[in-house]
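K.L.:
Dropping a structure here in structure tokens format, bear with me for questions.
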Amino acid sequence: MFRSYAAAGGRTQAAAIHAALSGDNTAIALGVTGKGSAPILDLCRRLIAAGHDPTAPLEAYRGATLALRVRSIGEAARLRVRGDGHGFEAECRPTAPPMRESGPAWPLTGLSP
Numbered sequence: 040m041f042r043s044y045a046a047a048g049g050r051t052q053a054a055a056i057h058a059a060l061s062g063d064n065t066a067i068a069l070g071v072t073g074k075g076s077a078p079i080l081d082l083c084r085r086l087i088a089a090g091h092d093p094t095a096p097l098e099a100y101r102g103a104t105l106a107l108r109v110r111s112i113g114e115a116a117r118l119r120v121r122g123d124g125h126g127f128e129a130e131c132r133p134t135a136p137p138m139r140e141s142g143p144a145w146p147l148t149g150l151s152p
């Protein structure tokens, strides 16, 4: 059931990770469980956190039926469901530490409660 995929440049990529879908909010692969409204995206994040290769593809099955193919778990881990529930968008993560708070931006004198 596992296949090798041709990656860019003609290199052969590792066999796809086989995931099983259960119910409407659970995906399991390699002993790792993803849950939530987008269980495959959560599973991909957890697989990477567990040390799996981010370039590995994933195939999700519901029973014997292929339900979803993910090109790389690294790409899927960076996605989230759009706010309107239709499709996906890149997940925004802060790249800089938060700014320190320095107090009000202007003097608040003369204001009465």
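Per my numbering, the sequence shown starts with residue 40, numbered consecutively. Every residue gets a Cβ at the ideal spot worked out from N, C-alpha and C, and that includes glycine. It should be emphasised that the depicted structure is a prediction, and the values quoted were computed from it without experimental measurement.
1. What number of angstroms, rounded off, separates the C-alpha of residue 68 from the C-alpha of residue 82?
2. Please give the ranges of any beta strand (DSSP E) in the stretch 49 to 112, keeping only runs that are unbroken, at least 3 residues long and fully inside the region.
3. To the nearest angstrom, how far is it from the Cα of residue 55 to the Cα of residue 95?
4. Give the single residue among 97, 106, 114, 116 whose Cα lies nearest to the Cα of residue 53.
5. Rounding to the nearest angstrom, what Cα-Cα distance links residue 101 and residue 60 in this structure?
6. Just checking my contact of residue 108 with residue 80 at CB under 8 Å: how many whole Å lie between their CB atoms?
7. Whole angstroms is fine: what's the gap from residue 85's alpha carbon to residue 63's?
8. Hey, quick one: how far does the beta strand (DSSP E) through residue 119 stretch, first residue to last?
9. Would you kindly check if the distance between the Cβ of residue 77 and the Cβ of residue 99 is under 8 Å?
10. Would you check if the distance between the CB atom of residue 93 and the CB atom of residue 75 is smaller than 8 Å?
P.N.:
Based on what the coordinates show:
1. Here the question's residue 68 lines up with position 29 in the sequence shown. Here the question's residue 82 lines up with position 43 in the sequence shown. Using only the alpha carbons, I get a separation of about 8 Å.
2. Runs found: 56 to 61, 65 to 68, 71 to 74, 97 to 101, 104 to 109.
3. The sequence position of residue 55 within the sequence shown is 16, counting from 1. The sequence position of residue 95 within the sequence shown is 56, counting from 1. Taking the CA atoms as reference points, residue 55 sits about 6 Å from residue 95.
4. Along the sequence shown, one-based indexing puts residue 53 at 14. That would be 97, whose Cα lies nearest to the Cα of residue 53.
5. Taking the sequence shown and counting its residues from 1, one reaches residue 101 at position 62. Taking the sequence shown and counting its residues from 1, one reaches residue 60 at position 21. Looking at the backbone, the Cα of residue 101 and that of residue 60 are separated by about 5 Å.
6. By one-based count along the sequence shown, residue 108 stands at place 69. By one-based count along the sequence shown, residue 80 stands at place 41. Separation of the CB atoms of residue 108 and residue 80 is rounded to 14 Å, and the pair is thereby denied contact status at 8 Å.
7. Position 46 of the sequence shown, counted from the first residue, corresponds to residue 85. Position 24 of the sequence shown, counted from the first residue, corresponds to residue 63. Rounded to whole angstroms, the separation of the alpha carbons of residue 63 and residue 85 is 18 Å.
8. Position 80 of the sequence shown, counting from 1, holds the residue named residue 119. Following the DSSP letters along the chain, one finds residue 119 inside the beta strand (DSSP E) bounded by residues 118 to 120.
9. Counting from 1 along the sequence shown, the entry for residue 99 is found at position 60. Counting from 1 along the sequence shown, the entry for residue 77 is found at position 38. A distance of 8 Å or more separates the beta carbons of residue 99 and residue 77.
10. Mapped onto the sequence shown, residue 93 falls at position 54. Mapped onto the sequence shown, residue 75 falls at position 36. Contact: no.
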